[in-house]
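Going by my numbering, the first residue of the sequence shown is number 3, and it counts up by one from there. All C-beta atoms in this analysis are idealised placements derived from N, C-alpha and C, irrespective of residue type, glycine included. Working notes, beginning with the structure itself.
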Amino acid sequence: MYGIILGLVLLMFLAYRGYSILWVAPVCALVVGLTGGLEPVEMYKETYMTGLAGYLKSWFPVFMLGAIFGNLMDYTGAAKSIARWLTQKLGPKRAIIGVVVGCGVLTYGGISLFVVVFVMYPLGLELFREANITRKLLPGAIALGSFTFTMTAIPGTPQIQNIIPTSYYGTSPTAAPVMGIVAAVLMFILGVLWLQYRERKYTAAGDVFTEPKNRQGIE
Numbered sequence: 003m004y005g006i007i008l009g010l011v012l013l014m015f016l017a018y019r020g021y022s023i024l025w026v027a028p029v030c031a032l033v034v035g036l037t038g039g040l041e042p043v044e045m046y047k048e049t050y051m052t053g054l055a056g057y058l059k060s061w062f063p064v065f066m067l068g069a070i071f072g073n074l075m076d077y078t079g080a081a082k083s084i085a086r087w088l089t090q091k092l093g094p095k096r097a098i099i100g101v102v103v104g105c106g107v108l109t110y111g112g113i114s115l116f117v118v119v120f121v122m123y124p125l126g127l128e129l130f131r132e133a134n135i136t137r138k139l140l141p142g143a144i145a146l147g148s149f150t151f152t153m154t155a156i157p158g159t160p161q162i163q164n165i166i167p168t169s170y171y172g173t174s175p176t177a178a179p180v181m182g183i184v185a186a187v188l189m190f191i192l193g194v195l196w197l198q199y200r201e202r203k204y205t206a207a208g209d210v211f212t213e214p215k216n217r218q219g220i221e
């Protein structure tokens, strides 16, 4: 138990420090195994690698196709066109809301969270460029729209995080509609207010949009 907690804490710490997950994950798994009294080699062969292979088998096609689609939107200029249309409708100062709402519509429509991240990144990048907002807030805006109210709160969301518990509790995906709607509204409003507050702080400090160093696209 303590080993699992230690491994998770170490994983979060190293990930937030910017270290590659490719070596951080095996190291944290080793920490969990050693503190749990497992033999390291057997743990990697039978537990870690088996789980990793199963995960890649299930999700790698989703990641790959989502990344390809996201890049196609960027390279063909589709993301820029959509971003400009949203900017005209919402105004350049509502770029954060545009990203959050866009992610929310896609995830509530049944598109996998992982695919939404790849699809919305180039779109969000164009919106933030038009509004001159620092890219530091883009991951937060995507996460707010994808991983919060449309993932678990709004009644009837088709995401697996809402579907899986129904078999354990004998409920439906639309259970507790009032509680879910109230929670979703709070998540959306408080999340957007916080992101807008951080935007004002960054802008006041002169931290605005800058181009990614490795950006490649078709103008």
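What would DSSP say about proline 167, mapped onto helix, strand or coil? As a position in the sequence shown, residue 167 is number 165, starting the count at 1. Three-state result, proline 167: helix.
Sequence-distant residues of the same chain with beta carbon closer than 6 Å to alanine 97, five excluded per side: Counted from its first residue, the sequence shown places residue 97 at position 95. So the qualifying residues of the chain are Leu129, Phe130, Ala133, Ile135.
Please determine if the stretch 109-122 and the stretch 167-179 are in contact, where contact requires at least 3 C-beta pairs separated by less than 8 Å. With a cut-off of 8 Å, the stretch 167-179 and the stretch 109-122 do not count as touching, because too few Cβ pairs lie within range.
Go ahead and pull the three-state DSSP assignment for alanine 178. Taking the sequence shown and counting its residues from 1, the one referred to as residue 178 is at position 176. Reduced to three states, the DSSP call for alanine 178 is coil.
Is it true that the CB of glycine 147 sits closer than 9 Å to the CB of glycine 104? Position 102 of the sequence shown holds residue 104. Position 145 of the sequence shown holds residue 147. Cβ distance < 9 Å, so glycine 104 and glycine 147 count as in contact.
In whole angstroms, give me the CA-to-CA distance for arginine 202 and leucine 140. Walking along the sequence shown from the start, residue 202 turns up at place 200. Walking along the sequence shown from the start, residue 140 turns up at place 138. Cα-Cα distance, rounded: 14 Å.
Are the beta-carbon atoms belonging to threonine 49 and glycine 35 less than 9 Å from one another? Walking along the sequence shown from the start, residue 49 turns up at place 47. Walking along the sequence shown from the start, residue 35 turns up at place 33. Yes, the pair counts as a contact, with Cβ atoms nearer than the cut-off.
Taking all protein chains shown into account, decide if threonine 152 is buried (16 or more other Cβ within 10 angstroms of its Cβ) or exposed. As a first step, residue 152 is located in the sequence shown; it is residue number 150 there, counting from the start. Under this definition threonine 152 is a buried residue.
For the pair the stretch 115-126 and the stretch 54-70, tell me if three or more CB-CB distances fall below 8 Å. Touching, yes, given that three or more Cβ pairs across the two stretches are closer than 8 Å.
Rounding to the nearest angstrom, what Cα-Cα distance links leucine 13 and leucine 54 in this structure? Along the sequence shown, read from residue 1 onward, the residue named residue 13 stands at position 11. Along the sequence shown, read from residue 1 onward, the residue named residue 54 stands at position 52. Looking at the two C-alpha atoms, the distance is approximately 16 Å.
If you count every other CB in all the chains shown that lies within 10 Å of the CB of methionine 181, and 16 or more means buried, which is it? Residue 181 sits at position 179 when you count from the first residue of the sequence shown. Exposed, because fewer than 16 other Cβ atoms sit within 10 Å of the Cβ of methionine 181.
Spatial distance of threonine 168 from proline 160 (CA atoms): As a working mapping, residue 168 is identified with position 166 in the sequence shown. As a working mapping, residue 160 is identified with position 158 in the sequence shown. Their backbone Cα atoms lie some 12 Å apart in a straight line.
In three-state DSSP terms, what is serine 83? The count along the sequence shown starts at 1 and reaches residue 83 at position 81. In this structure, serine 83 counts as helix in the three-state DSSP scheme.
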